Amino acid sequence: MKVIVKLYATLSKLAPPDTEIGESFEVELNGTTIYDLIEQLGFAQEQARIVFVNDNQTSDLLSTLRTGDRVVMFPPVGGG
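In terms of this note's numbering, the sequence shown is residues 23 to 102.
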């Protein structure tokens, strides 16, 4: 199944090489959940601190994705 992914901040380095910062890209997902997507992209689930699916924030990484879903992920944000 294909989903559309957008990664921000430090996660953006995991996007395909020709992807501009903040640009979305398509992923042929080998599983069905957000957790499967995170594993396939190659980072730890703790790095996906804020996750949106189709503009709705979720913290349930076992949520099932569907073809065409838009997934946006942000890492933990620090500041001071």
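The beta-carbon is built from N, C-alpha and C at its ideal position, and this holds for glycine as well. The structure presented is a predicted model; accordingly, all values stated were derived computationally and were not measured.
Check	Outcome
Local conformation of residue 41 per DSSP, three classes	coil
Beta-carbon contacts of residue 92 that lie in its chain and below 6 Å, excluding the five residues immediately before and after	26 and 76
CB contact flag (residue 28, residue 50, <8 Å)	no
Contacts around residue 60, its chain only, beta-carbon distance under 6 Å, and the 5 residues preceding and following it disregarded	67 and 70
Of the listed residues 33, 54 and 83, nearest to residue 45 (C-alpha basis)	33
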